[in-house]
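Novice: For the sequence shown, the numbering used here assigns the number 15 to the initial residue and increments by one for each residue that follows. We put the CB at the ideal spot given by N, CA and C, even for glycine.
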Amino acid sequence: MSITVFGSINVDLTAYVDSLPVPGVTAHARSYTTGLGGKGANQAVAAQRLSQQPVKLVAAIGEDAFAEQAISLLTHYGVGVDNLVRIEQADTGIALIHVDAHSQNTITVVGGANMNWPNSGPASECFQSTQVALFQLETPISATAAAMSSARSAGAVTILDPAPAPGSAERIETLLKLADILTPNENEAATLTGIRIGNEQNALDAARVLLKKGVGTAVVKLGAKGLVYASHQYGEGQVAPFTVQAVDTVAAGDCFNGALAVALSEGRTLPEALRFAAAAGALATTRQGAASAAPTRSELEQLMANAATPSQ
């Protein structure tokens, strides 16, 4: 059995600045990096670094130098690339990222080949022998719906990260009904439910609303405040945060989702899997970069062993 990620792949161009740029002002960067990104690629790398099972990425690339760089980086991380689709006359996706001195960021994504999937999505064979399948919203909704349906038909558990925020729940109504697990952050949960998330109770109320929209389990990530969840199978609960020194939050959500897929594939219960995922997300903030920020298994297990943060 394997973990399959359907989603975006970008090359990230990241500038580290003192303050995020504002209109009409030129921001000078302290340093600059080029690396692998895109939510699909980030989640695939995060999962592969934590799992002994094969992880494969189903994604679209263009006909340019960035495509070759992306393939090389994925191969370096051990992610399966046999299901990458090259789109003719398209550019590989890129992301232009600014990270300030307080670890906050702005991101501009040029979707490129990621947005060129047909409505039918990838071949259903991509999800054969898949135990857990991950999805996001950096690919066309119609293609994502088709992919989630194929994964469901193959018997996989489907995890949907509703990012970037879709604008409204109606826009992804079909996807919500295909999601065994939904993992929004505060802003995404607010967008999908109309509930302003100011505390854990607001987040739990939002999770309950998401269950009514067809989601099997709703997990609302609260950053440094941990997370809450509501589930048809596991009821309601929360996971306390892990205390770390954050330097870059770019990949925290993607590492969370990749780790969640790994934990579920290993047979952990939902509360156990969420604590495992929360540890991975926390560790991802302690280093700069996107895919490169994914922690190793030993790092994650050490953090979990040292932290007194049991699930409730």
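#1: So for asparagine 133, helix, strand or coil by DSSP?
#2: Taking the Cβ atom as the reference point for each residue, do alanine 61 and alanine 244 lie within a distance shorter than 8 angstroms?
#3: Please name the residue in Trp131, Thr47, Val229 and Asn56 whose C-alpha comes closest to that of isoleucine 111.
#4: Label asparagine 213 either buried or exposed according to how many other C-beta atoms from any shown protein chain fall within 10 Å of its C-beta, with 16 as the threshold for buried.
#5: For leucine 297 versus glutamate 286, is the C-beta spacing smaller than 8 angstroms?
#6: In the region 43-78, which residue ranges form an unbroken beta strand (DSSP E) of at least 3 residues, counting only runs that do not cross its ends?
#7: Per DSSP, histidine 112 forms a beta bridge with which residues?
#8: Check each candidate in Leu174, Thr144, Ala277 and Gly228 and name the one with the smallest Cα separation from lysine 70.
#9: State yes or no: is the C-beta of glycine 107 within less than 8 angstroms of the C-beta of glycine 126?
#10: Should alanine 321 be flagged as near chain C, meaning a C-beta pair shorter than 8 angstroms?
#11: Taking phenylalanine 149 as part of the alpha helix (DSSP H), name the residues at either end of that continuous run.
#12: Is the CB-CB distance between leucine 88 and leucine 50 below 8 angstroms?
#13: On the DSSP letters alone, give me the boundaries of the alpha helix (DSSP H) that glycine 267 sits inside.
#14: Candidates Gln57, His90 and Val261: which alpha carbon is nearest alanine 238's?
#15: Output needed for threonine 231: all residues of its chain with C-beta closer than 6 angstroms, excluding positions within five of it in sequence on either side, in chain order.
#16: Determine the contact status of alanine 321 and phenylalanine 256, defining contact as a CB-CB distance below 8 angstroms.
#17: For the region 139-195, list the alpha helix (DSSP H) runs that are entirely contained and at least 4 residues long, ordered along the chain.
#18: Just the C-alpha distance for asparagine 201 and valine 258, rounded to the nearest angstrom, thanks.
#19: Just list the residues that DSSP pairs lysine 227 with in beta bridges.
#20: For alanine 291, count neighbouring Cβ atoms within 10 angstroms of its own Cβ and tell me buried if that reaches 16, exposed if not.
#21: Please report the Cβ distance between leucine 190 and alanine 183, rounded to the nearest whole angstrom; I am assuming they are in contact, meaning their Cβ atoms lie under 8 angstroms.
Specialist: Let me lay it out:
#1: Looking at asparagine 133 - three-state DSSP - the assignment turns out to be coil, as it is neither helix nor strand.
#2: Their beta carbons are not under 8 angstroms apart, which means alanine 61 does not touch alanine 244 by this criterion.
#3: Cα-wise, what sits closest to isoleucine 111 is Thr47.
#4: It is exposed - the Cβ of asparagine 213 has fewer than 16 other Cβ atoms within 10 Å.
#5: Between leucine 297 and glutamate 286, the C-beta spacing is not below 8 angstroms.
#6: Counting only runs of 3 or more, we get 43-51 and 69-75.
#7: Histidine 112 is bridged to Ala29 and Thr120.
#8: Ranked by how close their Cα comes to the Cα of lysine 70, the residues Leu174, Thr144, Ala277 and Gly228 have Thr144 in first place.
#9: Going by C-beta atoms, glycine 107 is nearer than 8 angstroms to glycine 126.
#10: Of the protein chains in this structure there is only one, and it is not chain C.
#11: Looking at the DSSP string, phenylalanine 149 is not in any alpha helix (DSSP H); the run it does join, the beta strand (DSSP E), is 144-149.
#12: A Cβ-Cβ contact shorter than 8 angstroms links leucine 88 with leucine 50.
#13: Taken as a continuous stretch (DSSP letters only), the alpha helix (DSSP H) holding glycine 267 covers 266-279.
#14: The residue from Gln57, His90 and Val261 with its alpha-carbon nearest to that of alanine 238 is Val261.
#15: Cβ within range, chain order: Ile195 and Ser245.
#16: Taking 8 angstroms as the Cβ cut-off, alanine 321 and phenylalanine 256 qualify as a contacting pair.
#17: Whole alpha helix (DSSP H) segments, 4+ residues: 155-167 and 187-192.
#18: Asparagine 201 and valine 258: Cα-Cα distance of roughly 22 angstroms.
#19: Beta-bridge pairing links lysine 227 to no other residue.
#20: That one is buried.
#21: A Cβ-Cβ separation of about 7 angstroms places leucine 190 in contact with alanine 183 under the 8 angstroms criterion.
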